[in-house]
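Structure record follows, encoded as structure tokens.
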Amino acid sequence: MTTTHRDIDAPSAEQIDQLKENLVRVEQLSKRLMDVLAQKKTHNPGLDAPNQELFARAASSYWAAMAQNPTRLLEQQVQYWGKSVQNFAEAQQIMANALKSDEIEAQTAEPSRSTDRRFSNPMWETNPYFKFLRDQYLTNAEAIRTAVEEVEDLDRVDRQRLGYFADQIINMMAPTNFLATNPDALEKALETDGQSLIDGLENLVADLEANDGELIVRLADETAFEIGRNIATTPGEVVFRNRMMELIQYSPTTQTVHETPIVLFPPWINKFYILDLKEKNSLIKWITDQGYSLFVVSWVNPNHDYADVGMEDYIEEGFLKAIEVTKEICGTKQVNAVGYCIAGTTLSLTLSLLKQRGDKSVKSATFFTALTDFSDQGDFTPFLQNDFVDAIEAEIGEDGIMPHYIMARTFSYLRANDLVYGPAIRSYMMGETPPAFDLLFWNGDGANLPGKMAVQYLRGLCQDNRFVTDGFELFGHTLHVRDVDVPLMAITCETDHIAAWKQCYRGVQQMGSRSKNFIVSQSGHIAGIVNPVSRNKYGHYVNDDLKLDADAWMDEAGFHEGSWWPRWEAWLKKRSGKQVEARAPGAHKSYPVLGSAPGQYVRAKARG
Numbered sequence: 028m029t030t031t032h033r034d035i036d037a038p039s040a041e042q043i044d045q046l047k048e049n050l051v052r053v054e055q056l057s058k059r060l061m062d063v064l065a066q067k068k069t070h071n072p073g074l075d076a077p078n079q080e081l082f083a084r085a086a087s088s089y090w091a092a093m094a095q096n097p098t099r100l101l102e103q104q105v106q107y108w109g110k111s112v113q114n115f116a117e118a119q120q121i122m123a124n125a126l127k128s129d130e131i132e133a134q135t136a137e138p139s140r141s142t143d144r145r146f147s148n149p150m151w152e153t154n155p156y157f158k159f160l161r162d163q164y165l166t167n168a169e170a171i172r173t174a175v176e177e178v179e180d181l182d183r184v185d186r187q188r189l190g191y192f193a194d195q196i197i198n199m200m201a202p203t204n205f206l207a208t209n210p211d212a213l214e215k216a217l218e219t220d221g222q223s224l225i226d227g228l229e230n231l232v233a234d235l236e237a238n239d240g241e242l243i244v245r246l247a248d249e250t251a252f253e254i255g256r257n258i259a260t261t262p263g264e265v266v267f268r269n270r271m272m273e274l275i276q277y278s279p280t281t282q283t284v285h286e287t288p289i290v291l292f293p294p295w296i297n298k299f300y301i302l303d304l305k306e307k308n309s310l311i312k313w314i315t316d317q318g319y320s321l322f323v324v325s326w327v328n329p330n331h332d333y334a335d336v337g338m339e340d341y342i343e344e345g346f347l348k349a350i351e352v353t354k355e356i357c358g359t360k361q362v363n364a365v366g367y368c369i370a371g372t373t374l375s376l377t378l379s380l381l382k383q384r385g386d387k388s389v390k391s392a393t394f395f396t397a398l399t400d401f402s403d404q405g406d407f408t409p410f411l412q413n414d415f416v417d418a419i420e421a422e423i424g425e426d427g428i429m430p431h432y433i434m435a436r437t438f439s440y441l442r443a444n445d446l447v448y449g450p451a452i453r454s455y456m457m458g459e460t461p462p463a464f465d466l467l468f469w470n471g472d473g474a475n476l477p478g479k480m481a482v483q484y485l486r487g488l489c490q491d492n493r494f495v496t497d498g499f500e501l502f503g504h505t506l507h508v509r510d511v512d513v514p515l516m517a518i519t520c521e522t523d524h525i526a527a528w529k530q531c532y533r534g535v536q537q538m539g540s541r542s543k544n545f546i547v548s549q550s551g552h553i554a555g556i557v558n559p560v561s562r563n564k565y566g567h568y569v570n571d572d573l574k575l576d577a578d579a580w581m582d583e584a585g586f587h588e589g590s591w592w593p594r595w596e597a598w599l600k601k602r603s604g605k606q607v608e609a610r611a612p613g614a615h616k617s618y619p620v621l622g623s624a625p626g627q628y629v630r631a632k633a634r635g
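Mapped onto the working numbering, the consecutive letters of the sequence shown carry residue numbers 28 to 635.
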């Protein structure tokens, strides 16, 4: 093989100046990095590390099984070693072929055989070094997962938790997560003379500073959006405000409206404007365009002063108050209520309370991806065991609130490659600015949770499942899912990993309503709900027979193209009364306009 000497030109004055400037930037960024890490609060390790006892029990069970059946261990090790040798031999063969043809640098890139998007760069296939790293990583991952599957004497919950933690380790150790073994990042660094790495350090420090030392990767360019200017812009007015919420009455777009108004309760884990990102996919605007008086609750973003706020406060000062104000403004005896996610769960509690009080203020209820039966905790099983909840409770005990990043981190690590490692690689290794994507902007605009409420929810509902077993105690009443007896429609989502449709279905089956409707929309927790008619992207499944088990229900369900929105509106129209003159926000003398939508509360950032 012939080698040639390539002359290296002396750096220009401009390059030298750039180098000096970059060195100054690195020094400044390093100081900022040390400062923010020095100020970072220490958190309970139970929130950040897998349960050591679980791993100890798993390891003990694994080795005990192997002692009784050493042949299985030998077979596993031989299989693992054989694949490792094969990976090395293939890498050697590529190197040998390249050397023979004297074309290491000019080797033609072939499409990657891996279906994993992390390994889409051709170098994972054609470069011996990267190919070996990839193949050995995938071999190691397979060996870890096999070992977990082989562990005996673990119950279902512990096995699921062990599998979750194993997957977290596997995802974390991917070669793409490290600069020296990420060809995309290395190529970008060479192309930019290292500028991408400096920009990445800038992004890292900025993210740490923005979250008090907690590493939460920005998913969207926050400078691209402004609430009320190019996001959450549907016209309306705040007509009521208390310490828990602002009530927004949206401006009518039709001359007449249905007599019975709608009160929509979004989750307080996130901000309400997921339903009003922009005009073309805004459910809020679509509802008003169909001729309804729409009121939407915008929840406060709690700080330490809300430590003792519980589920009863959300019901009394949120749900019941919003219903009362809406009835007064519209001059009606009833409303149609909508609850999304945790607000749907709480709407169910509210309906049980109203039933026991003999209050018929709610004419019908609609539930968006709302859990009421928590007997199967699904993907959240690892987080809903005593050790984790104990750690969260200890964390809450320090400051009185559950910081927004705990919930955000929990959701993100359920899809770690998409929501943690992928964005981190692009931001910190590649030095890229996060995309101007409204959905991701909303996803990063988190909310804290009051400490008392968080513990009530985690202990009483998620862990103990009291709402469908012995009853959930509030206001001196024992609330039960069977008390929910108003006409209802539940919309769930086929691939929802937060509120799985089968779990939602099980809760609806136990409700006492004689009139129940159940829909499964294609896609997940957000896209399945924010599914505008104009896009015609996701269809939905319908089956009137709710006595079937979930699998049979889906097997016999009819599939319908397009959004579920019109189907829901046709159902709602029958329960919304006659047409009356459209109601302008602020027209009621007792509820003047307090400010324009989207209000003040939604603008508050979670800072603990």
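For each residue, glycine too, the CB sits at the ideal point set by N, CA and C.
Per DSSP, what kind of secondary structure is Cys520 in: helix, strand or coil? Three-state DSSP puts Cys520 in a strand.
Got a sec? Which residues, its chain only, sit under 8 Å from Leu74 by beta carbon, not counting five neighbours each side? For Leu74, the predicted structure reports a pLDDT of 46, less than 50, and the residue's modelled location is therefore unreliable. A value from the coordinates is still provided. Same-chain partners within the cutoff: Phe415, Ala418, Ile419, Glu422 and Ile433.
Would you mind working out which of Thr359, Leu506 and Leu235 sits nearest Gln606, comparing C-alpha positions? Nearest C-alpha to Gln606: Thr359.
Just the C-alpha distance for Pro450 and Gly458, rounded to the nearest angstrom, thanks. When only Cα atoms are considered, Pro450 and Gly458 end up about 11 Å apart.
For the beta strand (DSSP E) containing Trp591, list its first residue and its last residue. No beta strand (DSSP E) contains Trp591, which DSSP labels as neither H nor E.
Please report how far the alpha carbon of Arg541 lies from the alpha carbon of Asn308, in whole angstroms. The alpha-carbon atoms of Arg541 and Asn308 are separated by roughly 33 Å.
What is the DSSP secondary structure of Ile275, reduced to helix, strand or coil? Three-state result, Ile275: strand.
In terms of residue numbering, what span does the alpha helix (DSSP H) encompassing Leu381 cover? Taken as a continuous stretch (DSSP letters only), the alpha helix (DSSP H) holding Leu381 covers Ile369 to Arg384.
Which value, in whole angstroms, describes the spacing of the CA atoms of Leu488 and Asp406? Each residue's Cα considered, the two are about 16 Å apart.
Between Phe410 and the rest of its own chain, which residues show a CB-CB distance below 7 Å, the 5 nearest in sequence each way excluded? Thr437.
DSSP state of Asn363 mapped onto helix, strand, coil: Collapsing the DSSP output to three states places Asn363 in a strand.
Residue environment, Asn257, which counts as buried when at least 16 other CB atoms sit within 10 Å: With fewer than 16 other Cβ atoms from the protein chains shown falling within 10 Å of its own Cβ, Asn257 counts as exposed.
With respect to the beta strand (DSSP E) encompassing Val266, which residues constitute its N-terminal and C-terminal limits? Segment Gly263 to Arg268, the beta strand (DSSP E) holding Val266.
Leaving out five residues on either side along the sequence, give the residues of the same chain with a beta carbon under 7 Å from the beta carbon of Asn269. Same-chain partners within the cutoff: Glu344 and Lys348.
Give the range of the alpha helix (DSSP H) segment to which Phe499 is assigned. Segment Phe499 to Leu501 is the beta strand (DSSP E) holding Phe499; no alpha helix (DSSP H) there.
Out of Gln55, Met581 and Asp340, state which residue places its alpha-carbon closest to the alpha-carbon of Phe502. Among Gln55, Met581 and Asp340, the Cα nearest to that of Phe502 belongs to Asp340.
Expressed to the nearest angstrom, what Euclidean distance is found between the alpha-carbon atoms of Ala633 and Val327? If you take the alpha carbons of Ala633 and Val327, they lie about 10 Å apart.
In the DSSP assignment, what residue or residues form a beta bridge with Gly622? As a beta-bridge residue in DSSP terms, Gly622 pairs with Val265.
Residues in the same chain with beta-carbon distance under 7 Å from Leu56, minus the five sequence neighbours each way, listed in chain order, please. Cβ contact annotation for Leu56 (same chain, cutoff 7 Å, sequence separation greater than five): Leu228, Glu229 and Val232, in chain order.
Could you tell me the distance, in whole angstroms, from the CA atom of His431 to the CA atom of Val244? The C-alpha of His431 lies about 14 Å from the C-alpha of Val244.
Given a cut-off of 9 Å, decide if Pro625 and Asp303 are closer than it, judged by their beta-carbon atoms. It is a contact, given that the beta carbons lie within the stated cut-off.
Taking Phe159 as the reference, which of Leu181, Asn209, Leu573 and Phe192 has the closest Cα? Looking at Leu181, Asn209, Leu573 and Phe192, the one whose alpha-carbon comes closest to that of Phe159 is Asn209.
Where Thr250 sits in the DSSP three-state scheme: When DSSP states are grouped into helix, strand and coil, Thr250 belongs to the helix group.
Here's the rule: buried if 16 or more other CB atoms are within 10 angstroms of the residue's CB, otherwise exposed. What is Arg145? Classification of Arg145: buried, given that the 10 Å Cβ count is 16 or more.
Distance, Gly566 Cα to Thr283 Cα: Between the alpha carbons of Thr283 and Gly566 lies a distance of about 30 Å.
State whether the region 462-473 contacts the region 211-221, with contact taken as three or more CB pairs (one from each stretch) at a distance under 8 Å. These segments do not touch.
State the start and end residues of the unbroken alpha helix (DSSP H) segment that holds Val175. In the DSSP assignment, Val175 falls within the alpha helix (DSSP H) that extends over Pro155 to Glu177.
Could you tell me if Ser402 is buried or exposed, where buried requires 16 or more neighbouring beta carbons within 10 angstroms of its beta carbon? Around the beta-carbon of Ser402, fewer than 16 other beta-carbon atoms lie within 10 Å, marking it exposed.
What I want to know is whether the C-beta of Val51 ends up closer than 8 Å to one or more non-hydrogen atoms of the ligand NAD. Here there are no bound small molecules, and the ligand NAD is not part of this structure.
Status (buried if at least 16 other CB within 10 Å, exposed otherwise) for Ala517: Buried, since its Cβ has 16 or more Cβ neighbours within 10 Å.
Decide if Gly622 is buried, meaning its Cβ has at least 16 other Cβ atoms within 10 Å, or exposed. With fewer than 16 Cβ atoms within 10 Å of its Cβ, Gly622 is classed as exposed.
Does the region 522-541 come within contact of the region 388-402, defined as at least 3 CB pairs closer than 8 Å? Yes: at least three Cβ pairs fall under 8 Å.
With distance defined between alpha-carbon atoms, name the residue in Gln483, Met581 and Leu441 nearest to Ile525. Of the listed residues, the one whose Cα sits closest to Ile525 is Leu441.
Which whole-angstrom value describes the C-beta separation of Thr373 and Met338, a residue pair presumed to lie in contact below a C-beta threshold of 8 Å? Indeed, because the Cβ distance is near 7 Å, the residues count as touching under 8 Å.
Residue ranges of each beta strand (DSSP E) within the region 530-560, 3 or longer: Counting whole runs of 3 or more residues, the region 530-560 contains the beta strand (DSSP E) stretches 543-548.
So Pro593 and Gly263 are supposed to be a Cβ contact under 8 Å. How far apart are they, rounded? Contact doesn't hold; Cβ gap of about 23 Å is too wide.
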